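Using this note's numbering, the letters of the sequence shown correspond one by one to residues 40 to 121.
Quick reminder that beta carbons are idealized off the backbone N, C-alpha and C, glycines included.
Here the structure is a predicted model, which means the values were calculated and not measured.
These notes are about the structure you will find just below.
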Amino acid sequence: MPPTWLLVAILLFPFLRIASLLISGAGVSFELFANPVSLIGLALFMYFLGGPFGEEFGWRGYALPGLLQRFDATTASLIIGV
């Protein structure tokens with residue numbers, strides 16, 4: 040993958056998030072970080088919901104087509120599932 044696309048992949052979503060906050064007038068608030076206890080809920084959300092959903096799209100969208108070229112559908116699904 041060219042370095043340009045890697046840079047886009049890393050910076051696109053933070054840029055969109057900050058742009059949407061600035062456009063909406065909400066601004067960027069760091070109050071959440073003032074109370075470390077409030078970060079526990081955010082960390083749990085990201086750990087259980089944020090990571091697995093994005094990873095699932097990656098495996099199904101990137102790995103599965105390549106595996107289907109080498110294996111049958113059942114074997115490819117088992118490789119991804121394990």
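query                                                                                                               : result
DSSP three-state label for Pro-75, please.                                                                          : coil
Quick check on DSSP: helix, strand or coil for Phe-52?                                                              : helix
Express the C-alpha separation of Gly-80 and Leu-117 in angstroms, rounding to a whole number.                      : 33 angstroms
So with Cβ pairs under 8 angstroms, would you call Gly-64 a contact of chain C?                                     : Among the chains in the structure shown there is no chain C, since it carries only a single protein chain.
Compare the Cα-Cα distances from Ala-102 to each of Leu-88, Tyr-86, Gly-120, Met-85 and report the closest residue. : Gly-120
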